[in-house]
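**Student:** Next up is a structure, given as structure tokens.
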Amino acid sequence: MKVHEISLAEEILRMIEESSVSEGFKQVKSLTLDIGQLAGVDPEALSFALTHMAPGSLIDGAIIHLDELPGSGYCSSCTKRVAIDFRLAPCPHCGHQPLSTIEGTELRVRHLEVN
């Protein structure tokens with residue numbers, strides 16, 4: 102298990118616990134996370150960390166969905182928006198580097214189904 106993903110899982114659980122206090126729920130039935138391809142997060146390691154931390158927590162027994170979002174960037178040289186799978190990718194049209202990242206860096210809780 103990677104240390105980075107452990108700390109992310111801990112932060113996700115902390116945010117869910119804070120929400121349970123303010124919103125009044127006792128248990129999470131399902132959790133959906135969006136993970137950008139450029140976020141620097143290993144989805145399998147994060148899933149493992151969340152599953153490992155689940156027993157006795159608000160997500161104990163919850164269905165955990167991790168959706169990977171593609172990365173995209175903007176080339177200021179040829180003014181095209183392009184799909185990228187790493188941050189320093191060159192423009193596939195003109196070879197310009199670096200591209201401005203548009204999407205794919207996010208890590209967010211998209212949906213919680215609660216009791």
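Per this note's numbering, the very first residue in the sequence shown carries number 102; after that it's consecutive. Ideal Cβ placement from N, Cα and C applies to all residues, glycine included.
(1) Hey, could you find the ends of the alpha helix (DSSP H) Glu44 is sitting in?
(2) Tyr175: which of Gly125, Ala190, Glu169 and Asp161 sits nearest, CA to CA?
(3) Would you mind giving the Cβ-Cβ distance between Ala146 and Glu106, rounded to the nearest angstrom? I have them listed as a contact below 8 Å.
(4) Quick one: what's Leu134 bridged to in DSSP?
(5) Checking 8 Å against the spacing of the C-beta atoms, do Leu170 and Asp135 come in under that value?
(6) Under a three-way DSSP split, which group does Val142 fall into?
**Tutor:** Judging by the given coordinates:
(1) The structure shown has nothing for residue 44, since the chain only spans 102 to 216.
(2) Ala190
(3) 4 Å
(4) Leu167 and Val210
(5) yes
(6) coil
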